[in-house]
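Numbering (the UniProt record's numbering), first residue to last: 1 to 65.
Here is the structure:
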């Protein structure tokens with residue numbers, strides 16, 4: 001699948017966890033996820049970035065945990 005430059009992977013803090021969302025959503029695919037740790041959220045987001053070529057936007061302001 002060719003990269004679509006208008007899609008992006010966004011990591012956000014939600015409560016005590018983290019969310020990964022594809023924006024805009026891709027019809028018929030659920031690549032979103034909610035994670036307890038920043039490391040897992042970034043791992044999921046990074047995998048999507050590498051396999052799909054989507055830009056990764058980290059809105060968490062977390063350097064590491």
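No residue lacks a Cβ here, since even glycine has one placed at the ideal position from N, Cα and C. The model shown is predicted, which means the values in this text are computed figures rather than measured ones.
Among the options, nearest to residue i - alpha-carbon criterion
| i | options | result |
| --- | --- | --- |
| residue 54 | 31, 18, 12, 37 | 31 |
| residue 45 | 6, 59, 20, 60 | 20 |
| residue 27 | 40, 59, 7 | 7 |
Chain-order list of residues whose beta-carbon lies under 7 Å from that of residue i (same chain, five-residue window excluded)
| i | result |
| --- | --- |
| residue 17 | 34, 35, 36 |
Nonlocal neighbours in the same chain, by C-beta distance under 8 Å from residue i, ignoring five residues either side
| i | result |
| --- | --- |
| residue 57 | 8, 9, 10, 11 |
Straight-line gap, residue i to residue j (C-alpha atoms, nearest Å)
| i | j | result |
| --- | --- | --- |
| residue 23 | residue 52 | 13 Å |
Close beta carbons around residue i, own chain, < 6 Å, minus the five adjacent residues each side
| i | result |
| --- | --- |
| residue 13 | 60 |
| residue 41 | 11, 18, 20, 35 |
| residue 62 | 38 |
Three-state secondary structure (DSSP) of residue i
| i | result |
| --- | --- |
| residue 48 | helix |
| residue 43 | helix |
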